[in-house]
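Asks: I am attaching a structure below and will ask some questions about it afterwards.
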């Protein structure tokens with residue numbers, strides 16, 4: 023079930039004229055592109071987007087963390103086609119996938135925003151509170167990290183690794199752009215909501231919007247192009263290390279089963295390069311299943327959460343995935359394992375009947 027970063031590959035042919043240090047436009051099929059945000063995972067990141075050019079309009083999956091990055095995506099779209107964006111599909115409520123939505127609304131007055139019902143409900147509650155906390159809490163944190171880097175230290179006050187310096191520097195830049203834009207932020211509500219399934223178009227160009235249950239959030243949409251063998255997963259799949267903050271590990275495994283059952287030939291993750299096979303996604307499923315199993319055993323023993331966090335480390339997996347690089351170790355422990363164990367422990371280590379199943 024283990025996989026190394028080298029197994030996750032970007033589609034070989036890219037539109038070289040439209041590449042930049044912050045955006046790579048990768049052709050996937052006729053009229054279908056992935057807008058990939060390169061660079062290491064970090065404390066703040068922009069999301070990938072899937073771009074689907076249809077007969078009369080364009081469907082885009084996910085906006086970005088900043089309006090500047092979303093404007094960059096739109097500029098790339100306009101180099102491909104003059105057709106308007108007709109739909110923006112938000113895979114979930116996290117700001118790095120929705121905050122740039124107002125750019126689409128301003129640029130394309132008739133655009134429709136599609137979200138799963140739970141995402142539509144979570145945006146004005148969880149999303150608003152999360153944004154407030156970020157805007158208030160980010161400035162001193164960014165300043166502290168910048169000071170540490172200037173002294174040759176990482177965020178844990180130990181010597182910084184090259185990858186950590188790159189990742190944290192980019193996060194600081196991104197957060198400062200986010201804060202600069204914050205006073206003009208306008209939330210964008212759903213115009214269309216999905217319960218379990220919605221279909222856009224027909225035939226070869228059919229787009230299926232699927233909800234399989236609680237996973238990374240309670241409203242993750244999977245975007246499936248069955249005629250093309252392409253899936254956009256949102257943060258159900260993030261490479262090279264998953265995000266598990268406030269997730270639902272018990273039912274996430276079943277959601278991954280449903281995603282894998284689609285058997286796409288190409289998978290566009292929420293973050294990370296285009297995947298040409300499903301080996302990494304299968305690995306994520308296996309890691310989640312193991313966390314559920316080990317957490318359930320800890321709960322049955324009467325262990326405290328603290329004890330569970332000490333014993334459930336997946337260190338054998340970590341060493342193969344991270345090659346023991348400092349920043350990658352930090353991400354694996356603090357972005358994936360610890361929050362997944364906390365979430366599984368909070369659910370009593372048991373499945374809670376939240377999976378929607380395939381429909």
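Residue numbers (our numbering): 23 to 381.
We treat Cβ as the ideally placed atom computed from N, Cα and C, and that holds for glycine.
With 16 as the cutoff for other CB atoms within 10 Å, does residue 26 come out buried or exposed?
Replies: Below a pLDDT of 50, predicted positions are generally treated as unreliable, and residue 26, at 30, falls in that range; the measurement from the model is reported next regardless. It counts as exposed.
Asks: Decide if the stretch 356-372 is in contact with the stretch 69-83; the criterion is three or more beta carbon pairs, one per stretch, under 8 Å apart.
Replies: Contact fails: fewer than three Cβ-Cβ distances are below 8 Å.
Asks: Please list, in chain order, all residues of the same chain as residue 78 whose beta carbon is under 8 Å from its beta carbon, the five residues on each side excluded.
Replies: Only 105 and 108 meet the Cβ criterion.
Asks: Helix, strand or coil for residue 66, going by three-state DSSP, please let me know.
Replies: If DSSP states are grouped into helix, strand and coil, residue 66 belongs with coil.
Asks: Is the stretch 267-274 close to the stretch 354-371, with three or more CB pairs under 8 Å?
Replies: Yes, they touch.
Asks: Does the count of Cβ pairs from the stretch 179-196 and the stretch 57-66 closer than 8 Å reach three?
Replies: Output reads yes: the stretch 57-66 touches the stretch 179-196.
Asks: Can you look up residue 195 in the DSSP assignment and give me helix, strand or coil?
Replies: Residue 195 falls in the helix class under three-state DSSP.
Asks: Rounded to a whole number of angstroms, what is the C-alpha to C-alpha distance between residue 156 and residue 225?
Replies: Roughly 43 Å separates the two Cα atoms.
Asks: Candidates 287, 263 and 360: which alpha carbon is nearest residue 345's?
Replies: With distances taken between Cα atoms, residue 345 lies closest to 263.
Asks: Alpha carbon to alpha carbon, how far is residue 133 from residue 347?
Replies: In a straight line, the C-alpha of residue 133 is about 43 Å away from that of residue 347.
Asks: Taking just the CA atoms, how far does residue 233 sit from residue 275?
Replies: Residue 275 and residue 233: Cα-Cα distance of roughly 14 Å.
Asks: How far does the alpha helix (DSSP H) with residue 361 in it reach, from first residue to last?
Replies: Run containing residue 361: 360-368, per the alpha helix (DSSP H) assignment.
Asks: Just mark residue 179 as buried or exposed, buried being the case when its beta carbon has 16 or more other beta carbons within 10 Å.
Replies: Counting Cβ neighbours within 10 Å, residue 179 comes out exposed, since fewer than 16 surround it.
Asks: Which same chain residues, not among the five before or five after residue 361, have their C-beta less than 6 Å away from its C-beta?
Replies: Once the five neighbours on either side are set aside, the close Cβ partners of residue 361 are 266 and 267.
Asks: For residue 71, which of helix, strand or coil comes out of DSSP?
Replies: Looking at residue 71 - three-state DSSP - the assignment turns out to be strand.
Asks: Are at least three pairs of beta-carbons, each pair with one atom in the stretch 253-260 and one in the stretch 152-167, less than 8 Å apart?
Replies: In short, these stretches do not touch, since the Cβ pair count stays below three.
Asks: Buried or exposed for residue 5, going by 16 or more other Cβ atoms inside 10 Å?
Replies: One cannot answer for residue 5 here, as it falls past the ends of the chain, which runs 23 to 381.
Asks: Could you tell me which residues DSSP puts in a beta bridge with residue 252?
Replies: The partner list for residue 252 (beta bridge, DSSP) reads 247 and 288.
Asks: By how many angstroms is the C-alpha of residue 321 removed from the C-alpha of residue 33?
Replies: Because the pLDDT at residue 33 is just 33, under 50, the model does not fix this residue reliably, and the point stays unresolved.
Asks: Leaving out five residues on either side along the sequence, give the residues of the same chain with a beta carbon under 6 Å from the beta carbon of residue 92.
Replies: Hits under 6 Å: 85, 86, 122 and 125.
Asks: Check for me: the alpha helix (DSSP H) holding residue 277 runs from which residue to which?
Replies: Taken as a continuous stretch (DSSP letters only), the alpha helix (DSSP H) holding residue 277 covers 271-283.
Asks: Is the beta carbon of residue 148 closer than 8 Å to that of residue 95?
Replies: Result no, Cβ atoms of residue 95 and residue 148 do not sit closer than 8 Å.
Asks: Please name the residue, chosen from 114, 100, 142 and 158, that lies closest to residue 130 on a Cα-to-Cα basis.
Replies: When only C-alpha atoms are compared, the closest one is 100.
Asks: Where do the ends of the beta strand (DSSP E) carrying residue 220 lie?
Replies: 219-222 is the span of the beta strand (DSSP E), which, as asked, contains residue 220.
Asks: Put residue 304 into one of helix, strand or coil per three-state DSSP.
Replies: Looking at residue 304 - three-state DSSP - the assignment turns out to be helix.
Asks: Alpha carbons only, please: which of 229, 281 and 114 is nearest the one belonging to residue 76?
Replies: That would be 229, whose Cα lies nearest to the Cα of residue 76.
Asks: Would you report the Cα separation of residue 277 and residue 303, rounded to the nearest angstrom?
Replies: Approximately 11 Å between the Cα atoms of the pair.
Asks: Residue 86 by DSSP, collapsed to three states: which one?
Replies: Three-state result, residue 86: coil.
Asks: Tell me whether residue 58 sits in a helix, a strand or coil according to DSSP, three-state version.
Replies: Strand.
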